[in-house]
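Q:
In the UniProt record's numbering, the protein residues as written are 1 to 667.
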């Protein structure tokens with residue numbers, strides 16, 4: 001390992017940089033001297049972080065400590081002599097404060113429901129009875145020997161539905177029956193009933209069947225083990241015994257229902273989060289969706305896909321993540337680094353793979369900057385666009401070969417980023433997913449990363465705002481510094497950007513689309529019959545197309561960089577029709593003329609002696625009521641209205657036609 005203090009000094013700007021070779025042992029006094037000064041102190045070593053923290057605490061040293069890993073991520077590498085700029089980037093990113101995420105509290109009083117198929121479930125109940133409030137529900141027909149002592153309730157039943165999370169499970173059971181106390185050789189159960197509801201804090205599933213909830217490994221309080229494996233059952237019982245008390249888990253998603261574009265007037269629009277959520281934490285709730293923070297496992301797919309920013313990842317927030325990314329790329333370039341490749345990974349699988357590659361392989365290339373986030377699936381288009389704008393030559397998302405979270409949303413993000421990069425001249429193959437559990441395969445994939453074009457000079461914008469604002473800002477800056485900028489790039493179906501194409505010939509300017517649009521992308525004009533469109537605000541939710549009565553609206557996914565910051569464009573405008581009495585505009589001339597033409601001479605209320613009533617159609621709502629009232633007109637007090645045609649009329653006419661036809665034949 002060859003630390004490059006000079007490169008770190010160039011990359012970290014005004015910060016004081018002190019080099020060391022054995023800080024945790026022979027040079028420990030140098031740490032004490034630095035920590036003796038108040039203010040932030042970052043130590044480029046994570047292995048000995050407990051030692052440094054212990055000394056600082058024991059000796060009441062005033063510095064605020066932070067740590068960065070430059071050994072496994074940069075120093076242990078076949079290219080260590082060229083890793084100085086990367087070390088500067090890693091240190092600069094680690095110096096950025098990472099806010100503590102908000103928490104949601106789960107409370108468990110230790111009520112456990114054990115769902116099993118045989119005596120294994122009863123034995124598990126005996127293990128837990130001293131620590132937990134146990135109930136056992138048996139499924140299947142295996143004979144069960146009655147216990148000599150009734151330590152806990154035993155029932156028979158089949159789970160129809162399970163919902164909830166640690167501390168608040170609700171189980172719906174069919175075939176629910178209690179055993180007879182007089183059971184002798186085997187438990188004899190009484191008459192069953194359907195739809196019985198049981199409450200529990202913990203559910204221990206020893207049924208051996210399919211999981212009772214989606215993404216079972218991610219549901220707090222739901223434990224599952226193979227009943228044929230004593231070791232697995234014992235481990236599950238140990239975990240269940242510890243689930244008593246109050247527990248805090250991160251509140252991963254900051255949700256604002258007023259920004260949600262799920263539905264309007266019972267018309268469904270955006271379903272991106274519902275389709276991607278692996279745990280079932282998201283459900284429709286009227287015009288918006290609802291996110292159960294207890295069930296949410298933090299994959300972040302909903303936030304990455306949400307086009308309006310209603311669902312925003314908050315562990316940490318997007319602007320905090322982009323601030324670290326900016327610090328990393330800015331320091332790398334300042335220290336003399338070239339062709340930076342962002343390797344986005346999580347702190348478990350990704351960090352372990354990088355560690356293995358450093359210890360047993362060639363390590364990461366000098367231009368590959370590992371960027372750790374809580375969940376890779378939470379990475380959205382704003383992160384990729386910002387990376388290119390700040391000078392990255394490529395971006396790679398590192399996932400497991402068998403991801404625990406569905407990566408469909410991440411694939412969409414990578415595809416969108418790649419399309420933008422290719423369209424703006426950054427090159428092809430610049431955004432991709434590396435799905436592997438093998439460090440050698442990771443090294444091979446990184447070695448094939450193309451070196452094409454980067455932003456020269458890169459942007460320096462400062463990230464601020466919620467996700468949708470950040471995405472627009474990052475894309476604008478990516479376009480501004482692009483090697484080959486173009487104004488419009490076509491995108492794939494489902495993209496969160498685009499325009500609505502309106503067949504203006506069929507549009508009647510009813511403005512139902514304006515009422516349905518959740519983002520204000522479609523607008524009217526209070527002064528004139530007009531439909532306007534703000535493409536920068538369109539999220540391609542489809543509510544306008546679903547609401548349009550004439551079905552003249554279609555979606556066109558694309559990004560139009562010229563639309564960012566531009567005023568809305570006029571889609572259709574017509575001459576207003578003014579009231580013939582007061583002169584107030586109240587509709588379009590074409591619509592009034594069309595209604596008059598359809599009714600004139602064709603409807604009994606507006607024909608013959610009543611043709612004068614057509615003037616009422618040319619009045620505004622106030623003048624029309626006044627004119628009808630003053631004239632004493634009752635539309636139902638006219639000559640006899642035409643009698644409706646009945647079945648008898650139809651049959652009589654058919655008989656008359658037959659007779660007439662028969663006479664012609666004889667002639």
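A virtual CB, placed ideally from N, CA and C, is assigned to each residue, including glycine.
For residue 333, does the count of other Cβ atoms within 10 angstroms reach 16, so buried, or fall short, so exposed?
A: Here residue 333 is taken as the residue at index 333 of the chain shown, counted from 1. With 16 or more Cβ atoms within 10 Å of its Cβ, residue 333 is classed as buried.
Q: Among all the DSSP beta bridges, which residues are the ones paired with residue 577?
A: Reading the chain shown from its first residue, position 577 is the one you call residue 577. 587.
Q: Under a three-way DSSP split, which group does residue 267 fall into?
A: As a working note, residue 267 is residue 267 in the chain shown. Looking at residue 267 - three-state DSSP - the assignment turns out to be strand.
Q: Pick from 58, 510, 518, 108: whose alpha carbon is nearest that of residue 525?
A: Stepping through the chain shown from its first residue, residue 525 is reached at position 525. Of the candidates 58, 510, 518, 108, the one whose C-alpha sits nearest the C-alpha of residue 525 is 510.
Q: Mind listing, in chain order, the continuous beta strand (DSSP E) runs of no fewer than 3 residues lying wholly within the stretch 387-421?
A: For the stretch 387-421, whole beta strand (DSSP E) runs of length 3 or above, ordered along the chain, are 394-399.
Q: Roughly how many angstroms separate the alpha carbons of residue 597 and residue 603, rounded to a whole number?
A: Within the chain shown, numbered from 1, the residue matching residue 597 stands at position 597. Within the chain shown, numbered from 1, the residue matching residue 603 stands at position 603. For residue 597 and residue 603, the distance between alpha carbons rounds to 11 Å.
Q: What is the rounded straight-line gap between the Cα of residue 88 and the Cα of residue 9?
A: Here residue 88 refers to the residue found at position 88 when the chain shown is read from its first residue. Here residue 9 refers to the residue found at position 9 when the chain shown is read from its first residue. C-alpha separation (whole angstroms): 7 Å.
Q: Helix, strand or coil: which one does DSSP assign to residue 497?
A: Against the chain shown, residue 497 aligns to sequence position 497. Residue 497: coil per DSSP, three-state reduction.
Q: With distances taken from CA atoms, which of 4, 144, 29, 124 is nearest residue 90?
A: Here residue 90 refers to the residue found at position 90 when the chain shown is read from its first residue. Answer by Cα proximity: 4.
Q: State the CB to CB distance for the pair residue 169 and residue 201, rounded to an integer number of angstroms; the pair is presumed to be in contact (CB under 8 Å).
A: On the chain shown, position 169 is the one that residue 169 refers to. On the chain shown, position 201 is the one that residue 201 refers to. About 7 Å separates the two Cβ atoms, so the contact holds.
Q: Go to residue 151, then tell me how far its alpha helix (DSSP H) extends in each direction, as first and last residue.
A: To locate residue 151, count along the chain shown from 1; it is residue 151. From DSSP, residue 151 is part of no alpha helix (DSSP H); its letter is neither H nor E.
Q: In chain order, which alpha helix (DSSP H) runs of at least 4 residues are fully inside the UniProt domain "4Fe-4S ferredoxin-type" (498-527)?
A: As far as the UniProt domain "4Fe-4S ferredoxin-type" (498-527) is concerned, its whole alpha helix (DSSP H) runs of at least 4 residues are 512-516.
Q: Please state the DSSP three-state secondary structure of residue 690.
A: The question about residue 690 has no answer here: the residues shown for the chain are numbered 1 through 667.
Q: For the 8 Å Cβ check, are there 3 or more pairs between the stretch 295-304 and the stretch 374-391?
A: The stretch 295-304, when compared against the stretch 374-391, does touch it at the 8 Å Cβ threshold.
Q: Check the DSSP bridge columns for residue 107 and list the partner residues they point to.
A: Taking the chain shown and counting its residues from 1, the one referred to as residue 107 is at position 107. Residue 107 is bridged to 246.
Q: With burial defined as no fewer than 16 other Cβ atoms inside 10 Å of the residue's Cβ, what is the status of residue 444: buried or exposed?
A: To locate residue 444, count along the chain shown from 1; it is residue 444. The residue is exposed, with fewer than 16 neighbouring Cβ atoms inside 10 Å.
Q: I'd like to confirm the pairing. Which residues does DSSP put opposite residue 163 in its beta bridges?
A: Translated into the one-based positions of the chain shown, residue 163 becomes position 163. Residue 163 pairs with 170.
Q: Go ahead and label residue 229 buried or exposed: buried means 16 or more other beta carbons lie within 10 angstroms of its beta carbon, across all protein chains shown.
A: The residue you call residue 229 lines up with position 229 of the chain shown. It counts as exposed.
Q: Are residue 436 and residue 393 close, meaning C-beta to C-beta below 8 Å?
A: One-based indexing of the chain shown puts residue 436 at position 436. One-based indexing of the chain shown puts residue 393 at position 393. Going by C-beta atoms, residue 436 is not nearer than 8 Å to residue 393.
Q: For the 8 Å Cβ check, are there 3 or more pairs between the stretch 94-102 and the stretch 316-329?
A: Yes: at least three Cβ pairs fall under 8 Å.
Q: Less than 8 Å between the C-beta atoms of residue 155 and residue 119, yes or no?
A: To locate residue 155, count along the chain shown from 1; it is residue 155. To locate residue 119, count along the chain shown from 1; it is residue 119. No, they are not a contact pair.
Q: What is the rounded straight-line gap between the Cα of residue 158 and the Cα of residue 104?
A: The residue given as residue 158 occupies position 158 in the chain shown. The residue given as residue 104 occupies position 104 in the chain shown. Approximately 31 Å between the Cα atoms of the pair.
Q: Taking residue 325 and residue 371 to be in contact with their CB atoms under 8 Å, please state how far apart those CB atoms are, rounded to whole angstroms.
A: Along the chain shown, read from residue 1 onward, the residue named residue 325 stands at position 325. Along the chain shown, read from residue 1 onward, the residue named residue 371 stands at position 371. 6 Å between Cβ atoms; contact.
Q: Taking the alpha-carbon of residue 476 as reference, which of 389, 507, 523 has the nearest alpha-carbon?
A: Indexing the chain shown from 1 puts residue 476 at position 476. The option with the nearest alpha carbon to residue 476 is 389.
Q: On a CA-only basis, which of 575, 110, 81, 163 is nearest residue 245? Give me that one, please.
A: By 1-based counting over the chain shown, the position of residue 245 is 245. The shortest Cα separation from residue 245 among 575, 110, 81, 163 belongs to 110.
Q: Is there contact between the stretch 577-586 and the stretch 510-521, where contact requires at least three CB pairs shorter than 8 Å?
A: The stretch 577-586 vs the stretch 510-521: no contact.
Q: Identify whether residue 451 lies in helix, strand or coil by the three-state DSSP scheme.
A: Walking along the chain shown from the start, residue 451 turns up at place 451. Correct three-state label for residue 451: coil.
Q: Is residue 233 helix, strand or coil when you go by DSSP?
A: Within the chain shown, residue 233 is the residue found at index 233, counting from 1. Residue 233 falls in the helix class under three-state DSSP.
Q: Leaving aside the five residues before and after residue 528 along the sequence, list all residues of the same chain whose C-beta is less than 7 Å from its C-beta, in chain order.
A: Counting from 1 along the chain shown, the entry for residue 528 is found at position 528. The residues are 573, 576.
Q: Straight-line CA distance for residue 280 to residue 214?
A: Your numbering for residue 280 matches position 280 in the chain shown. Your numbering for residue 214 matches position 214 in the chain shown. Cα to Cα, the separation comes out at about 7 Å.
Q: According to the neighbour-count rule (16 or more other Cβ atoms, all chains shown, within 10 Å of its Cβ), is residue 222 buried or exposed?
A: As a working note, residue 222 is residue 222 in the chain shown. Flag for residue 222 reads buried.
Q: Which two residues bound the contiguous beta strand (DSSP E) that contains residue 288?
A: Working through the chain shown from its first residue, we reach residue 288 at position 288. Run containing residue 288: 288-291, per the beta strand (DSSP E) assignment.
Q: Along the chain, where does the alpha helix (DSSP H) that runs through residue 477 open and close?
A: As a position in the chain shown, residue 477 is number 477, starting the count at 1. Looking at the DSSP string, the run of the alpha helix (DSSP H) that includes residue 477 is 467-480.
Q: Among 117, 152, 148, which one has its Cα closest to the Cα of residue 141?
A: Start at 1 with the first residue of the chain shown, and residue 141 comes out as number 141. Considering only alpha carbons, the answer is 117.
Q: Note down the Cα distance separating residue 667 from residue 658, rounded to an integer number of angstroms.
A: Counting from one through the chain shown, the residue named residue 667 turns up at place 667. Counting from one through the chain shown, the residue named residue 658 turns up at place 658. Unreliable placement is indicated for residue 667, whose pLDDT of 37 sits below 50; no coordinate value is reported for it.
Q: Decide if residue 630 is buried, meaning its Cβ has at least 16 other Cβ atoms within 10 Å, or exposed.
A: As a working mapping, residue 630 is identified with position 630 in the chain shown. It counts as exposed.
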